[in-house]
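Student:
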Amino acid sequence: MKIAVIGTGYVGLVTGTCLAETGNDVICVDINASKIEKMQQGELPIYEPGLELLFHRNIQQGRIRFTMDLQSAVEHAEIIFMALPTPPGEDGAADLSYILGAAKDIAALLTGYKVIVNKSTVPVGTADKVKAVFESHTSIAVDVISNPEFLREGVAVEDFMKPDRVVIGTSSERAKKLMSELYAPYVRQGNPVIFMDERSAELTKYAANSFLATKITFMNEIANLCELVGADVDAVRKGIGTDERIGKRFLFPGIGYGGSCFPKDVQALVKSADEHEYNFEILKSVITVNEKQKVILADKLLQYYDNEISGKHFALWGLSFKPETDDIREAPALYLIETLLKNGASVSVFDPEGQENVKSIFNNRISYAENQYAALEGADALLIATEWSLFRNPDFEKMAELLKEKVIFDGRNLFELEKMTELGYYYNSIGRKLIAPDETLYQSLKSKTDAVQNA
Ligand code: UDX
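Under numbering that gives the first Met the number 0, the sequence shown has 154 at position 155, and the numbering climbs by one with no breaks.
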C-alpha cells in the first residue's frame, strides 16, 4: 500500500520504517531540513534498538524515502499517518496546532479520497476537529480516523511489529477495510485489531498510559511504606504480581516515571476531565506523588550528609528516562543533577546513550565520563538513576578503589542486598532494607531515611 507519514519523531519514524518492512511504499515527511537531509544520507536521527537495520534495509530496497515536500507525499499516499507532536500547553492541555496545521496543509493538496490517520496522542474530540478542518478546506471526501500508538521507547520496533492490540477508531467501512489490510501482517499471531468509535480510541490511549502511571506510582508509595515498616518491596511485588488480575509487569518501584508520554498524558487527561467539570482525583494524586518520587534520591542523599553537600563530588550512572534510549525528556536524572548543583556539589555523569542530550542542557556545569568507572573517580558517592544492563553487574572492587567512600544511592534497585552487605557498602535503594556497614551507623541513618519518607 502507498503510505505517507507526516512527522519523523520516535513514533513517525518507527511507524514509517515498520510499515515499509512489510512491503508498503512509504514516504516520510518532516519540516526539519537537517533531519530530512541526514535521513536521505542514511543517517538515523534517534537511537532505538533494531531500528537501524530495518531503516537501512528499507532505504536500500526503495520502500522508504524522506522528503520535505508534502505535496509529493500526499499525491503518493492512499493512507496518510499524522505522527506529530502534541506538547502540553501552559495549562497542561495538549497543543493541537501542529496537527490542525498539517490537516489544513494536506487538505489544500488533496486530489482524491484518503484515509487520514491520527497516530499522535490527542485529546478526545480531536478527530472531529481534524474532520472539521478538512470539511472547511476541501470538498474532497476523506476519512479521519484515530489509531493510537502504544509502542514503548527502547522496544519500539518489537512493539510495532508485534503489538498486543491495534486500536482503530472509525465508523467508515472503507477506512476499516484499508486499515485491516494494512495491519494484517502485524497481528498474524492472533492479537486483535479492535475497532471502535473515534472518541473511544482517543480516550483508550490516555486511559492506558494513565493507568500504567498509576500502577507505577502505587508501587512507589508501597516502596516508601516498606522502608518505614521494615518490609521488602521486591517480596511484596512478587507477592502481588502473581495475582493475574494485577500482573507482574510495571510493578517496579523507582524514582518516578518520566519520558515523553506518561507525564504529559496524565496531565492532559486531568486537564481534559477538568474541562468537562470532572475532578479526576486519583490522577491528580499520581502527579503529586510522582513529583516527590523524582527527588527522593536527592532527599535521601541530603539527609545522609545532613544537608551539607557543598564541595562534595558525586558520580551519577544513568541519564535517560529509561534504559535503551537516548531520550532524556522528563528524566528523573535531570532533577537529581539540578538539586546536587543547587546545593553546591559537583557531578560526573555517565550514560551509554543519553550523554549528548544532557550536554545540551547542562553544558560544562557537570562533567561527562567516558565510561561508568571513570565517573567514579574521587566521588564521595554513586547515584543510580537508570537501570541500564551494563550497570547491573559491575566490578565492585574497582568501584571501591575509585570512590572516596563505598556509598551508593540506587534509584533502580539494581543490586542484591546480601551482596552489598558482604561487600561492606552503604547501600540505600528504594523500598528495601538500608544496608550500612556498622550497626550504630545503621541506626542513625535509618532514622534519617525514615524522616525522608515521613516528610
Ligand atoms: C509509554 C507506554 O508504555 C507506551 O505504551 C506509550 O506508547 C508511550 O508511553 P515509554 O514512555 O516509552 O512508553 O516507556 P515505559 O517503558 O512505559 O516507561 C515509562 C516510565 O515508567 C519510565 O520512566 C520507567 O522508568 C517507568 N517505570 C516503568 C517504572 O518506574 N516502573 C515500572 O515498573 C515500569
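Each residue gets a CB set at the ideal place from its N, CA and C atoms; glycine is no exception.
1) Return yes when the C-beta of Lys321 is under 7 angstroms from any heavy atom of the ligand UDX, and no when it is not.
2) So what does DSSP say about Thr338, is it helix, strand or coil?
3) Apply the 10 Å Cβ neighbour rule to Val13 and answer buried if 16 or more other Cβ atoms are within range, or exposed otherwise.
4) Tell me which residues share the same chain as Phe395 and place their Cβ nearer than 6 angstroms to its Cβ, disregarding the 5 neighbours each side in the sequence.
5) Would you kindly check if the distance between the Cβ of Phe313 and the Cβ of Leu333 is under 8 angstroms?
6) Report the rounded CA-to-CA distance for Gly49 versus Tyr256, giving the unit in angstroms.
7) Compute the minimum distance between the beta carbon of Asn208 and the heavy atoms of the ligand UDX, and state whether it is under 7 angstroms.
8) Cα separation between Pro331 and Glu152?
9) How many whole angstroms separate the CB atoms of Val4 and Gly15, which I take to be in contact at a CB cut-off of 8 angstroms?
10) Which residue's Cα is closest to the Cα of Tyr46: Gln442, Leu381, Phe149, Ala155?
11) How about Leu211: is its Cβ closer than 7 angstroms to a heavy atom in the ligand UDX?
12) Please indicate yes or no: does the CB of Tyr256 lie closer than 7 angstroms to some heavy atom of the ligand UDX?
13) Would you tell me roughly how many angstroms separate the C-alpha atoms of Ser171 and Gly111, rounded to the nearest one?
14) Counting only runs of 3+ residues fully inside the segment 157-221, write out the beta strand (DSSP E) ranges in chain order.
15) If you measure from the CB of Phe149, is any heavy atom of the ligand UDX nearer than 7 angstroms?
16) Apply the 10 Å Cβ neighbour rule to Thr241 and answer buried if 16 or more other Cβ atoms are within range, or exposed otherwise.
17) Output needed for Gly91: all residues of its chain with C-beta closer than 6 angstroms, excluding positions within five of it in sequence on either side, in chain order.
18) Opposite Trp316 in the DSSP bridges: which residues?
19) Going by beta carbon distance, what residues of the same chain come within less than 6 angstroms of Ile218, once the five residues before and after it are set aside?
20) Evaluate Lys341 with the Cβ neighbour count: other Cβ atoms within 10 Å of its Cβ, from every protein chain shown; 16 or more gives buried, anything less gives exposed.
21) Taking Cβ positions, are Ala32 and Met67 nearer each other than 8 angstroms?
22) Please state if the CB of Ile281 and the CB of Thr213 are separated by a distance shorter than 8 angstroms.
23) Buried or exposed for Pro191, going by 16 or more other Cβ atoms inside 10 Å?
24) Select from Asp231, Asn392, Asn453 the residue whose C-alpha is nearest the C-alpha of Asp298.
25) What's the C-alpha gap between Val132 and Leu99?
26) Taking all protein chains shown into account, decide if Asn278 is buried (16 or more other Cβ within 10 angstroms of its Cβ) or exposed.
27) Am I right that Ile327 and Gly353 are in contact with their C-beta atoms under 8 angstroms? What's the rounded C-beta distance?
Tutor: Taking the coordinates as given:
1) yes
2) helix
3) It is buried - the Cβ of Val13 has at least 16 other Cβ atoms within 10 Å.
4) Excluding sequence neighbours, Phe395 sits near Leu422.
5) no
6) Taking the straight line joining both Cα atoms gives about 24 angstroms.
7) yes
8) Roughly 16 angstroms separates the two Cα atoms.
9) 4 angstroms
10) Ala155
11) Inclusion of Leu211 in the 7 angstroms shell around the ligand UDX follows from its C-beta lying nearer than that to a non-hydrogen atom of the ligand.
12) yes
13) If I take the Cα positions, the gap works out to 16 angstroms.
14) 165-168, 192-195
15) yes
16) Exposed, by the Cβ-count rule.
17) Gln266, Lys270
18) Phe349, Ile383
19) Note on residue identity: the sequence assigns Met, not Ile, to residue 218. If we look at Met218 and ignore the five residues flanking it on each side, its Cβ neighbours are Leu250, Pro252.
20) exposed
21) yes
22) Yes, they are a contact pair.
23) exposed
24) Asn453
25) 7 angstroms
26) Exposed, by the Cβ-count rule.
27) 5 angstroms
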